[in-house]
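Under this note's numbering, the residue at position 79 of the sequence shown is numbered 554, and the numbers go up by one with no gaps.
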Amino acid sequence: MLSIFYMLNKLLIIVLLFTTSVLRTQELIEFSMGSGYQYDIYYSLTNGITAYPERSNWELAFSTNESDNNIRINSGNGVVLFQVSNNLNEWDQIESIPIDAIQLRNSNVDWSDGAFVVNALGELNYGWGTYNPENQTTEGNNIYIINYGIESKKLKINSLYDGNFYFTIANLDGSNEQNINLNTSAYSDKKFIYYSLNNMEIVDREPSIDNWDLVFTKYEEDLNKLNNDDELFYTVTGALSNNNIIFEYDGFLDVNPSAETILNSSSNSINTIGWDWKVYGGGGFSIVPDRAYFILNQQANSMYKIIFQSFSGGASGNCSFLIEDIPYNPTYVSEIINFDSLTISPNPSSGYFTINSTQNTANLTIVNASGRIILNEQHHNHTNIDLSNFQEGLYFVILESNEQYVNRKIIIQR
476 MLSIFYMLNK
486 LLIIVLLFTT
496 SVLRTQELIE
506 FSMGSGYQYD
516 IYYSLTNGIT
526 AYPERSNWEL
536 AFSTNESDNN
546 IRINSGNGVV
556 LFQVSNNLNE
566 WDQIESIPID
576 AIQLRNSNVD
586 WSDGAFVVNA
596 LGELNYGWGT
606 YNPENQTTEG
616 NNIYIINYGI
626 ESKKLKINSL
636 YDGNFYFTIA
646 NLDGSNEQNI
656 NLNTSAYSDK
666 KFIYYSLNNM
676 EIVDREPSID
686 NWDLVFTKYE
696 EDLNKLNNDD
706 ELFYTVTGAL
716 SNNNIIFEYD
726 GFLDVNPSAE
736 TILNSSSNSI
746 NTIGWDWKVY
756 GGGGFSIVPD
766 RAYFILNQQA
776 NSMYKIIFQS
786 FSGGASGNCS
796 FLIEDIPYNP
806 TYVSEIINFD
816 SLTISPNPSS
826 GYFTINSTQN
836 TANLTIVNAS
846 GRIILNEQHH
856 NHTNIDLSNF
866 QEGLYFVILE
876 SNEQYVNRKI
886 IIQR
């Protein structure tokens, strides 16, 4: 999957103008996650702390973006998910975790790859279910066992239609079976809407999607990922981003990196900041020296520099960092290279677009505003595309052929 930074680098010529010496005022931000990291801390670069919900008050997180069918688990609070069957007809027979069960985990790189979809097969398969274009419904395939606290339940996602997730949960012996309908449409301004299996209720716990940039939380991380060794998953405490473009800088902190360095090295992986800006030793935590993070806000029109100062650990959950508004003046110029007579119509559209060009063959990619590729196929002069199942908003059409390149903005509007 291409990162948003890669796509933006292709989509736009970005001219960065900012000084190299640190002359601006730094603000010290101090907060507490509470003893035992009781709270998640949502932080906005412009508005400060915008929410601090209980970290343990949910087990399932359902994406409000219907097109990605995504469901995550609260792995930071010990929730564990196993796929135990790919046949819903075996529901009554499932009473325990079989030896060939598959443990599924959230991605820590992309919010849209939750545990229930991380093993998606592509095309119309989304892991837990397969999309049926005839009835515009994602229909469930699999049976799961979910462990949370001292509880173990069997669970199946029956379907997703028009923003409504329908799922069934029961005790392993089949007793206390409950069918649940969770309508995500009422929470479209959020990234996720959450569900507590302990209390059997919806939990509305996060700020609106444009009102946070970082969340300080606990999550699972593969400590051996960079070493290419056997997987070693461990629950860590750190910062995950809201798909912001971030550059990790190690060096002399009184001098900011060049624009070229930032352009070539930035990432929108949600764990770019992550957990390893601190190290444990001698009975306490210390901050990795000479490290800063340069982060763009959600609108990608402001840049900030973050330098961590302290982290106390689980006894108090206290943390602090310096934040500085870096002078940043992006100038956007659309890049169009030798692509003849490209037209896209209608635009805006309810989701149906026609692309015409004199180019015989080209690679067609469509990217949403978060940088996620939602379509990739071959274009031959005339292509009809159907994005009617995707949310309203801004998307980018990219055509590439023999080093020729063009991008256009399209808008889904209903």
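We put the CB at the ideal spot given by N, CA and C, even for glycine.
It should be emphasised that the depicted structure is a prediction, and the values quoted were computed from it without experimental measurement.
The beta carbon of phenylalanine 760 is closer than 6 Å to those of Lys753, Phe786 and Gly788 in its chain, skipping five residues each way along the sequence.
Here tyrosine 514 is near arginine 530, since their CB atoms are less than 7 Å apart. Per DSSP, reduced to three states, the secondary structure at alanine 590 is coil, with no helix or strand assignment. The count of Cβ pairs closer than 8 Å, one atom from the segment 535 to 545 and one from the segment 581 to 598, reaches three, so the stretches are in contact.
For glycine 868, the enclosing beta strand (DSSP E) begins and ends at 868 to 876.
Here histidine 854 is buried: its Cβ has 16 or more other Cβ atoms, across all protein chains shown, within 10 Å. DSSP lists Phe871 as the beta-bridge partner residues of lysine 884. Fewer than three beta-carbon pairs drawn from the segment 652 to 669 and the segment 570 to 578 are found closer than 8 Å, and the two stretches are therefore not classed as touching. In terms of Cα proximity to asparagine 654, the closest of Ile644, Asp685 and Arg580 is Ile644. Annotation: phenylalanine 865 is outside any beta strand (DSSP E) and is labelled neither H nor E by DSSP. In the structure shown, the three-state DSSP call for serine 538 is strand. A direct Cα-to-Cα measurement between serine 507 and lysine 693 gives close to 14 Å. Residue environment: serine 832 is assigned as buried (16 or more neighbouring CB atoms within 10 Å of its CB, all protein chains considered). Residue environment: threonine 539 is assigned as buried (16 or more neighbouring CB atoms within 10 Å of its CB, all protein chains considered).
With contacts defined by Cβ atoms closer than 7 Å, asparagine 656 and asparagine 639 form a contacting pair.
Counted as a single uninterrupted DSSP element, the beta strand (DSSP E) harbouring phenylalanine 783 occupies residues 778 to 786. Of the residues Gln784, Ser742 and Glu799, the one whose Cα lies closest to the Cα of valine 584 is Ser742. Look at asparagine 654 here: in three-state DSSP terms it is strand.
Taking a cut-off of 8 Å for Cβ pairs, the segment 608 to 617 and the segment 767 to 781 do not touch, as fewer than three such pairs fall below it. DSSP places glycine 756 within a strand segment (E or B) once states are collapsed to three. A residue is called buried when at least 16 other Cβ atoms come within 10 angstroms of its Cβ; lysine 628 meets this threshold and is buried. Arginine 766 is bridged by DSSP to Asp725.
One thing to note: tryptophan 750 has its Cβ within 7 Å of the Cβ of glycine 713. Taking 8 Å as the upper bound for CB-CB distance, leucine 850 and threonine 858 are not in contact here, some 10 Å apart. Where asparagine 549 is concerned, there is no enclosing beta strand (DSSP E), because DSSP gives it neither an H nor an E. Between the beta-carbon of isoleucine 885 and that of isoleucine 819 there is about 6 Å, and that keeps the pair under the 8 Å contact cut. Residue burial is scored here from C-beta neighbours: glutamine 888 has fewer than 16 other C-beta atoms within 10 angstroms and is therefore classed as exposed.
Taking C-alpha positions only, asparagine 600 is separated from proline 608 by approximately 12 Å. Residues Leu797, Ile798 and Glu799 of the same chain have their beta carbon placed closer than 8 Å to that of glutamate 502, with the five preceding and five following residues left out of the count. Straight-line measurement puts the Cα of cysteine 794 at about 25 Å from the Cα of proline 732.
Secondary structure note for glutamine 611: it is in no beta strand (DSSP E), with a DSSP letter that is neither H nor E.
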